[in-house]
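Chemist: Before I ask anything, let me first share the structure, which is written out below as structure tokens.
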Amino acid sequence: MVISSSRSLFGTAALLTLLAACSQQQDGGDEYSEDIAVESREEPVAEEQAPEEMSVPEETESSGETTETAEPVRTDIPVTAELGSFGSEVHGLALWAHPKVAYQGAVLAANGEAGLIAIDFEKGSPDSIAGTFVGGLAVTYPDWSRGNESLIAAYDSASGFRFFDIDEEALTFSEWTVTGADELPGEPVQICIASRADAAIVNIAVISQENTVSHASINQNPDGSLTVSAPVRVNVPQPIACAGDDSHGIIVFATGRGTLVAVGTGDETNSGSEPTDKPFVDRIATLPTSDVNGIATSLQTGQGQILVSYQNEDARFYGYDIETGEELGYFTVSPLSGIDGVSGLSLFAADGGNFGGIYRKGVLATIGSDEARTLKLAPLSTALRNWTIFEADVLNRRDITQPPEQVDDTGLNFSVPDFEDL
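For the sequence shown, my numbering gives the first residue as 656, with consecutive numbering after it.
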């Protein structure tokens, strides 16, 4: 059952700056019921064999130091909108796609004591949930019976893990009834979730304060409530950041050893057997440095990218092919029409789906590292074109696990120069 719990924070002092700007917008625990090691996908272990602790193979791990590589081709993409500023630190950023109207998507922010906030693209009007939300934020779209639902995972310091949906008409939060989430480690560094297309299951991974990864599945019960399975510990070395990939049902991690690795469940099911819930770990790519600021995924039909930002002053976003690990290049976010570009970076989120208008081939949301904490949007289409992968069909993440519906993508008119070139 879904319990409605939308509460307004419009009177909260911490949101005054955000609301004023929006009105001017013109897109731990150490205890586990099971503690297993995770095998490399290429070397599966027989079921009867006792699990053995394994890591990503040592011989290809990065030392964490910057390596000598050729400078990749740089792309500039324009910042095209500002959706306001935050009066206090933001601990997590995510994008939510509307099931029917592309330009009514929203940016979600875990804004500490100011609550969990949703700011829709069209009007910039925020809805919020009271609480102290820290430790990251993640969104996915499960293949559950009622359809058009989303699962938003967040952590409230006062009450632990909480899970939400957004009403597509009112654009307000509702809260899922969940059991079992209290077994996940508290006060997480980051939360990531990904839907599995082969089963009505969501994978959740949590990076803990102890620098470990806990992995579990979320299932829907007949009464509509959710149950989190007993978490298992996955051997991801020095996890820094993570992002979900619904097209493959995996969660991608950047590590302190300078690698990108994937954690997933549900190996081959062509024989008709039920998918296994035992996690596997695959290496995707070696990074030029371990100084990762954050990662996100951007998906299109038949392809996808892992976007990685590093800890440097010019806020570069590097792209890696999600299938091969090949580095595609990097982009920066430049000024346009009187809106400053992105220099210092605190947080970012990305989605390759159709968010309407200039964001019809994906959107990037960023928050700068300065005290203004301004939320900015930029279209991903320019980066895709310069990486020669622009022609792929748009893949809305909802369509991976849910039947596609006609989407209104007429979008917003920001009066952006050279619209078709973005």
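Backbone N, C-alpha and C define an ideal beta-carbon position, used for all residues, glycine too. Being a predicted model, the structure only gives us computed values, none of them experimental.
1) Does the Cβ-Cβ distance between Thr834 and Thr882 come in under 8 Å?
2) Return the Cβ separation of Tyr966 and Asp946 in integer angstroms, given the expectation that the two are a contact with Cβ distance under 8 Å.
3) In chain order, what residues of the same chain lie with their CB nearer than 6 Å to the CB of Phe908, ignoring the 5 residues before and after it?
4) Counting only beta-carbon separations shorter than 8 Å, does Ser998 have a partner in chain D?
5) Let me confirm a value: Glu737 is counted as buried when at least 16 other C-beta atoms fall within 10 Å, else exposed. Which label applies?
6) Under a Cβ-count criterion, where at least 16 other Cβ atoms within 10 Å of its own Cβ denotes burial, should Ala1005 be classed as buried or exposed?
7) For Val844, collect the residues of the same chain with a Cβ closer than 6 Å to its Cβ; drop the 5 residues on either side in sequence, then sort them by chain order.
8) Pick out whichever of Gln875, Asn766, Asp775 has its Cα sitting closest to the Cα of Leu750.
9) Measure the C-alpha to C-alpha separation of Pro797 and Ala849 and round it to an integer number of angstroms.
10) So does the segment 1014-1030 actually touch the segment 742-761, counting three or more Cβ pairs closer than 8 Å?
11) Give a yes or no on whether the C-beta atoms belonging to Thr944 and Gly913 are separated by under 8 Å.
12) Which residues mark the beginning and the end of the beta strand (DSSP E) in which Arg1040 is found?
13) Where does Gly598 sit, in a helix, a strand or coil, going by DSSP?
14) Please confirm whether Pro934 and Thr920 have their CB atoms less than 8 Å apart.
15) With H, G and I counted as helix, E and B as strand and the rest as coil, what does DSSP make of Asp837?
16) Measuring alpha carbon to alpha carbon, tell me which of Thr1021, Leu1039, Asn803, Gly790 ends up nearest Tyr985.
17) In terms of residues, what are the limits of the beta strand (DSSP E) holding Phe776?
18) Using the rule of at least 16 other Cβ atoms within 10 Å of the residue's Cβ for burial, across every protein chain shown, is Glu804 buried or exposed?
19) Excluding sequence positions up to five away, which residues of its chain have a Cβ less than 7 Å from the Cβ of Asp837?
20) Enumerate in chain order the residues of its own chain whose CB-to-CB distance from Gly767 is below 7 Å, with the five nearest sequence positions on each side excluded.
21) Where in the segment 869-912 do unbroken runs of the alpha helix (DSSP H), each at least 4 residues long, occur, reported from the N-terminal end onward?
22) According to the neighbour-count rule (16 or more other Cβ atoms, all chains shown, within 10 Å of its Cβ), is Asn876 buried or exposed?
23) Go through its chain and collect everything with a Cβ distance to Thr623's Cβ below 7 Å, but skip five positions before and after it.
24) Any idea what DSSP makes of Gln960, helix, strand or coil?
25) What would DSSP say about Gly1023, mapped onto helix, strand or coil?
26) Specify the secondary structure class of Gly1012 as computed by DSSP and reduced to three states.
27) For Lys1031 and Thr795, what's the separation of their Cα atoms in angstroms?
28) If I follow the unbroken beta strand (DSSP E) through Val857, where does it start and stop?
29) Please classify Tyr796: does DSSP put it in a helix, a strand, or coil?
30) For Glu982 and Leu1002, what's the separation of their Cα atoms in angstroms?
31) What first and last residue would you give for the beta strand (DSSP E) that runs through Ser743?
32) Per DSSP, what kind of secondary structure is Ala940 in: helix, strand or coil?
33) Excluding the 5 residues preceding and the 5 following Trp1042 in the sequence, name in chain order all residues of the same chain whose CB lies nearer than 7 Å to its CB.
34) Between which two residues does the beta strand (DSSP E) carrying Ala804 extend?
35) If you reduce the DSSP assignment to three classes, tell me which class Arg1053 lands in.
36) Per DSSP, Asp731 is paired with what?
Modeler: So, from the data block:
1) yes
2) Reading off the sequence, residue 966 comes out as Gln, not Tyr. Yes, Gln966 and Asp946 are in contact; Cβ-Cβ is about 4 Å, under 8 Å.
3) Val891, Pro894, Cys897, Val916
4) In the displayed structure, chain D is absent; only one protein chain is listed.
5) buried
6) buried
7) Ile862
8) Asp775
9) 8 Å
10) yes
11) yes
12) From DSSP, Arg1040 is part of no beta strand (DSSP E) but of the alpha helix (DSSP H) over 1036-1041.
13) Nothing about residue 598 can be reported from this structure: the residues present for the chain run from 656 to 1077 only.
14) yes
15) helix
16) Leu1039
17) Phe776 -> no beta strand (DSSP E), and no H or E assigned at all.
18) buried
19) Gly815
20) Ser743, Glu744, His746, Thr787, Phe788, Val789
21) none
22) exposed
23) Shown here, the chain extends from 656 to 1077; a query on residue 623 therefore has no answer.
24) strand
25) strand
26) helix
27) 22 Å
28) 856-862
29) coil
30) 21 Å
31) Ser743 -> no beta strand (DSSP E), and no H or E assigned at all.
32) strand
33) Gly974, Leu983, Gly984
34) Going by the sequence as given, residue 804 is Glu instead of Ala. It is not in any beta strand (DSSP E) - Glu804 carries neither H nor E in the DSSP assignment.
35) helix
36) Thr987
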